[in-house]
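**Q** This is the structure I have questions about; it appears just below.
Protein chains in written order, with the numbering used here: chain A, 6 to 157; chain B, 58 to 464.
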């Protein structure tokens, strides 16, 4: 059943007990995200050491999909370089939009590990933006963009 | 009471369809209502038998189309008890109607230091046009606060009225809270200090009789698609003496008497405000919707829906963790709520999987969300075809939400 696929236990768990939730004072990188359609707002903070993510936190309010996505993303990004983050973003984006593109290339998303639980989002086109908000926010943070990352 | 809901439902073909493999339960009537077959057929028949431009040709079809189009204006005159068909202006919808008044009134009469009074429960379309008009004129937009129950704080409203207040604009029935404002009283107070009054009737007009003489206001606006008619057409009603004083909103064909490069003489009401070829199909479809509402009778609709609203509130209040947003004494059709620990967006997706259509979001009323300190709400809104069984489906779907979130 697709509802169960969307709201898997791990997603519900991360939405109710988000990991790395909070603020990093004087973070090297900070990004703000906003999904105007549903009002979700998110701030992501990152510190790098030896070119790798050493600390990451996020804060904000959103639906279960967006909160769980931010929480699980924060766990996956620890220890990655900027290039690795960009490549993981591409894979994640493909995963959650694969059914929109016809669903042929879902195997190309590569090794996403735990993030594979978001595959079900693809069947809910209205929710793709929820799953990608945190990712867009991180991308805008590491690119040093001053603008608020938007999902549209 | 001659109100047979099953007979009425059978006139709406879409209600017999399914959504996500389940029978459709449509509870998003504040966003738009479904259309009865006669409205769909009226639009179709226009293209099959009458299509021609209005107010122009002398040929058979143009005369016929013009007559059908103008007949709807007369129907509307009666429907809202206007004193003349010249007071009925066809526009694209409530939003355009409010922009028309704000723009025309603003440019002609609004001056630095003047004030426009609205309330804190307005839809964005009854906020932004006034902000624009105030910015242009150097006038001030004043907002009457609401209470925790979701009612206009009437004492504050009265206090905020002053000699500076040039126009007051407020919603009749709130799309975000379901509050039915005491429009007559608010209008009377505003008129006492000499302000003009506009009432946003987008939600109310399909749920209860709206009588402009009774309300005592100067303008009302509403949309066809929220009253069982087609999208893309709406109505601005204004008092003739005031409309005559306002400059045109848009220029073009149909709104002129004579044009030279030096000077244009405008057409009389209502055409002065209807530049360009109108939404003829939409107007004709709206006419069929008015016939439908007249036959069912808005008094019957109001009585039926009020009972159903009571039932819905009673049934929903038993869902654990459910909290209503907006609990006004006087209300209609709209029920806004949140579920403890679950974001409205997730609720929307999960109930949709059970075939239940509700709206989740800020309902184009972000200041209302800010006031109640919620990012969004869930909104179930009733139409004349809804039944207690629809409410049961919603309750069941909400219980599923709780299961998904292990609550």
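All residues carry an ideal CB built from backbone N, CA and C; glycine is no exception.
(1) Just the Cα atoms here: how many angstroms apart are residue 123 of chain A and residue 454 of chain B?
(2) On the CB-based measure, 16 or more other CB atoms within 10 Å of its CB, does residue 446 of chain B come out buried or exposed?
(3) Taking only runs that begin and end inside the segment 107-159 of chain B, name each unbroken alpha helix (DSSP H) of 4 or more residues, in chain order.
(4) Chain B partners of residue 129 of chain A, CB-CB under 8 Å?
(5) In chain order, which continuous runs of the alpha helix (DSSP H) of length 4 or greater are located wholly inside the segment 28-93 of chain A?
(6) Find the residues of chain B that neighbour residue 12 of chain A, judging by a C-beta separation of less than 8 Å, and give them in chain order.
(7) Of the residues B:191, B:412, B:247 and B:279, which one's Cα is nearest the Cα of residue 539 of chain B?
(8) Which residues in chain A sit within 7 Å of residue 410 of chain B, going by Cβ to Cβ distance?
(9) Going by alpha carbons, who is nearest to residue 45 of chain A out of A:75, A:58 and A:18?
(10) Which chain B residues are close to residue 66 of chain A, counting only those with a beta carbon under 9 Å from its beta carbon?
(11) To test your reading of the DSSP string, which unbroken beta strand (DSSP E) runs of 3 or more residues are found completely within the segment 348-425 of chain B?
(12) Kindly indicate which residue of B:153, B:180, B:334 and B:264 has the alpha-carbon position closest to the one of residue 292 of chain B.
(13) Once DSSP output is grouped into helix, strand and coil, what is the label at residue 85 of chain B?
(14) On the DSSP letters alone, give me the boundaries of the beta strand (DSSP E) that residue 314 of chain B sits inside.
(15) Within 10 Å of its beta-carbon, does residue 250 of chain B have 16 or more other beta-carbons around it, so buried, or fewer, so exposed?
(16) Can you give the beta carbon distance from residue 440 of chain B to residue 86 of chain B, rounded, assuming they're within the 8 Å contact cut?
(17) Can you tell which of B:353, B:133, B:203 and B:166 has its C-alpha closest to the C-alpha of residue 64 of chain B?
(18) Just how far apart, CA to CA, sit residue 39 of chain A and residue 419 of chain B?
(19) Is the beta carbon of residue 52 of chain A sitting closer than 8 Å to the one on residue 85 of chain A?
(20) If you measure beta-carbon to beta-carbon, which residues of the segment 150-175 of chain B are closer than 7 Å to chain A?
(21) Is residue 23 of chain A buried or exposed, if buried means 16 or more other CB atoms sit within 10 Å of its CB?
(22) Determine contact between the segment 335-345 of chain B and the segment 282-301 of chain B, defined as no fewer than three beta-carbon pairs at a distance below 8 Å.
(23) DSSP three-state call for residue 229 of chain B: helix, strand or coil?
(24) So with Cβ pairs under 8 Å, would you call residue 448 of chain B a contact of chain A?
(25) Can you tell me where the alpha helix (DSSP H) with residue 141 of chain A in it begins and where it stops?
(26) Identify each residue in the segment 63-90 of chain A for which the Cβ-Cβ distance to at least one residue of chain B is less than 9 Å, and report them in chain order.
(27) With the cut-off set at 8 Å, would you say residue 294 of chain B and residue 276 of chain B are in Cβ contact?
(28) Am I right that residue 187 of chain B and residue 226 of chain B are in contact with their C-beta atoms under 8 Å? What's the rounded C-beta distance?
(29) Grab me the residues of residue 111 of chain A's own chain with a C-beta within less than 6 Å of its C-beta, minus the 5 sequence neighbours each way, in chain order.
(30) Would you say residue 383 of chain B lies against chain A (beta-carbon separation less than 8 Å)?
(31) With a CB to CB cut of under 6 Å and the five nearest residues on each side skipped, what residues in its chain are close to residue 136 of chain A?
(32) In whole angstroms, what is the alpha-carbon distance linking residue 130 of chain B and residue 427 of chain B?
(33) Measure the CB-CB distance between residue 415 of chain B and residue 84 of chain B and report whether it falls below 8 Å.
(34) Would a check of beta-carbon distances place residue 181 of chain B closer than 8 Å to chain A?
(35) Please return the same chain residues whose Cβ sits closer than 7 Å to the Cβ of residue 448 of chain B, not counting the five positions on each side in sequence.
(36) At the level of alpha carbons, what is the spacing between residue 321 of chain B and residue 331 of chain B?
**A** Walking through what the data contain:
(1) A direct Cα-Cα distance of roughly 23 Å separates residue 123 of chain A from residue 454 of chain B.
(2) Per the 10 Å Cβ criterion, exposed.
(3) Correct list: 117-136.
(4) Against residue 129 of chain A, the close residues of chain B are 406, in the order they occur along the chain (beta-carbon pairs closer than 8 Å).
(5) The qualifying runs are 69-82.
(6) Simply 403, 407, 461 and 462.
(7) Nothing can be reported for residue 539 of chain B, as the shown portion of chain B is limited to 58 through 464.
(8) Those are 8, listed as they occur along chain A.
(9) By alpha-carbon distance to residue 45 of chain A, the top candidate from A:75, A:58 and A:18 is A:75.
(10) Residues of chain B passing the Cβ test: 400 and 432.
(11) Within the segment 348-425 of chain B, the complete beta strand (DSSP E) runs of at least 3 residues fall at 379-381, 391-396 and 416-418.
(12) Minimum Cα-Cα distance from residue 292 of chain B among the listed residues B:153, B:180, B:334 and B:264 corresponds to B:153.
(13) Note: residue 85 of chain B maps to strand in three-state DSSP.
(14) First-last of the beta strand (DSSP E) with residue 314 of chain B: 313-316.
(15) Flag for residue 250 of chain B reads exposed.
(16) Taking a contact as a CB-CB distance under 8 Å, the pair residue 440 of chain B and residue 86 of chain B counts as one, their CB atoms being some 4 Å apart.
(17) Taking residue 64 of chain B as reference, the option from B:353, B:133, B:203 and B:166 with the minimal CA-CA separation is B:353.
(18) The straight-line gap from Cα to Cα measures roughly 14 Å.
(19) Contact flag unset, no.
(20) Within the segment 150-175 of chain B, no residue has a Cβ that lies closer than 7 Å to any Cβ of chain A.
(21) A buried status is given to residue 23 of chain A, since no fewer than 16 other beta-carbon atoms sit within 10 Å of its beta-carbon.
(22) With a cut-off of 8 Å on Cβ pairs, the segment 335-345 of chain B is in contact with the segment 282-301 of chain B, counting three or more such pairs.
(23) Reduced to three states, the DSSP call for residue 229 of chain B is coil.
(24) Chain A places no beta carbon closer than 8 Å to that of residue 448 of chain B, leaving this residue out of the contacts.
(25) For residue 141 of chain A, the enclosing alpha helix (DSSP H) has its first and last residue at 133-147.
(26) Cβ contacts with chain B come from 66, 67, 68, 69, 70, 71 and 72.
(27) Remark: C-beta atoms of residue 294 of chain B and residue 276 of chain B approach each other more closely than 8 Å.
(28) Going by Cβ atoms, the distance from residue 187 of chain B to residue 226 of chain B rounds to 6 Å, so yes, they are a contact pair.
(29) Note that residue 111 of chain A scores 47 on pLDDT, short of 50, meaning its location in the model is unreliable; the coordinates nonetheless yield the value given after this. Hits under 6 Å: 103.
(30) Judged by the 8 Å Cβ criterion, residue 383 of chain B is not in contact with chain A.
(31) Contacts found: 70, 74, 101, 123 and 126.
(32) Straight-line Cα distance between these residues: approximately 40 Å.
(33) It is a contact, given that the beta carbons lie within the stated cut-off.
(34) At a cut-off of 8 Å between C-beta atoms, residue 181 of chain B does not count as an interface residue with respect to chain A.
(35) Around residue 448 of chain B: 368, 369 and 372.
(36) In this structure, the straight-line span from the alpha carbon of residue 321 of chain B to that of residue 331 of chain B is close to 15 Å.
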